[in-house]
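Chains as they are written, first to last, in numbering that gives the first Met the number 0: chain D, 0 to 152; chain R, 0 to 100.
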Amino acid sequence: MKASNTMRLCFDSRSANESFARTAVAAFLCTLDPTVEELTDVKTAVSEAVTNCIVHGYREKIDKVYITANIYSDNRVVIKIRDKGCGIADVKKAMEPLFTTAPEEERAGLGFAVMESLMDKVKVFSQPDKGTTVTLEKRIVSKGEEYVHNSRD
Amino acid sequence: MAVEIQIRDQVVQAYLSGEIDHHSAVQLRQQIDESVLQADARQLILDFAMVTFMDSSGIGLVMGRFRLMQENEGTVLLRNLPAPIRKVMKLAGLDKLAEFI
């Protein structure tokens, strides 16, 4: 299926950009007229993925984070967050709730758990020393669609 | 992200506002911990009424403060959680660890 709308972002892996990244993705999704809850869910999931790039992928070194977002005609949004950092040797282990490689920094180890709870699908592709791509997918049930269903009851 | 701290007796009330993420958590942690140590606090109240966003970095912050207070045999109360913040806290099971008021 071809995307009806696409955007690409590239920015420094600085923690100051975490807010920018989640806000930019949220702004892009506004064309789907999401509910406040849907927008917050996407912002939170993107924030988790971007934080992972900065804290774990690059271990606080400054490099680039890449985000692409595609919107499809069935109101699905697919967001890819990519880094070229150290990669994950064992993705399954990394995705276990409470597992973290940075406990001394008060990391809760819940980034992936939060992403999986708030998004419809989460996929992780990673190769040690080559980087990690996290793909988040969610179908936005737009307010317009909700109104049509409710008014039929 | 800003925090306004009130200390009375051995109770520290931290009024958080804005966004809590990995970036803002660092400074928040420092300010809260300084106050807790200064007051030799037995109770830490984190007020979330003005918090507009929080991800799991906020969970780490709360868990870390919980551990700090436990060392002093103190307690942590989480107050005025907006619905989206409460949702993330519950995902982490924090409602079983700290009291929500």
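Note that beta-carbon positions come from the ideal geometry of N, C-alpha and C, so glycine has one too.
When burial is assigned at 16 or more other CB atoms within 10 Å of the CB, is residue i buried or exposed?
i	result
PHE52/R	buried
PHE47/R	buried
LEU109/D	buried
GLY92/R	exposed
SER56/R	buried
LYS1/D	exposed
ALA44/D	buried
MET9/D	The sequence given here has Cys at residue 9/D, not Met. It is exposed - the Cβ of CYS9/D has fewer than 16 other Cβ atoms within 10 Å.
THR39/D	buried
LEU31/D	buried
LEU96/R	exposed
SER72/D	exposed
SER12/D	buried
LEU77/R	buried
ILE84/R	buried
GLU98/R	exposed
Where DSSP assigns a beta bridge to residue i, which residues make up the other side?
i	result
SER125/D	THR131/D
GLY4/R	Correcting the residue type first, residue 4/R is Ile in the shown sequence and not Gly. Partner(s): ALA13/R.
LYS86/R	In the DSSP output, where bridge partners are listed per residue, LYS86/R has none listed.
To which residues of the same chain is residue i closer than 8 Å at the C-beta, ignoring the five residues directly before and after it?
i	result
ALA101/D	VAL54, HIS55
ASP39/R	GLN9, ASN71
Between the beta-carbon of residue i and the beta-carbon of residue j, is there less than 8 Å?
i	j	result
ALA20/D	VAL41/D	no
GLU105/D	GLY59/R	yes
LYS122/D	THR131/D	no
VAL11/R	VAL35/R	yes
VAL90/D	SER125/D	yes
ALA93/D	MET6/D	no
SER3/D	ILE78/D	no
MET88/R	LEU80/R	yes
Once the 5 residues before and after residue i are set aside, which same chain residues still bring their CB inside 6 Å of it?
i	result
ARG41/R	GLN9, GLY73
ASP20/R	ASP54, SER56
THR99/D	ARG106, GLY108
ILE4/R	ALA13, SER34
ARG75/D	ARG138
TYR65/D	CYS9, ARG81
Might you give, ordered along the chain, the residues of its own chain that have their beta carbon closer than 7 Å to the beta carbon of residue i, omitting 5 neighbours on each side?
i	result
ASP185/D	Shown here, chain D extends from 0 to 152; a query on residue 185/D therefore has no answer.
SER14/D	ILE53
LEU117/D	ASP40, THR43, ALA44
Does the region 47 to 63 of chain R touch the region 81 to 91 of chain D, meaning 3 or more C-beta pairs lie closer than 8 Å? no
Quick one: any contact between the region 15 to 35 of chain R and the region 4 to 20 of chain D, if contact means 3 or more CB pairs under 8 Å? The region 15 to 35 of chain R is in contact with the region 4 to 20 of chain D.
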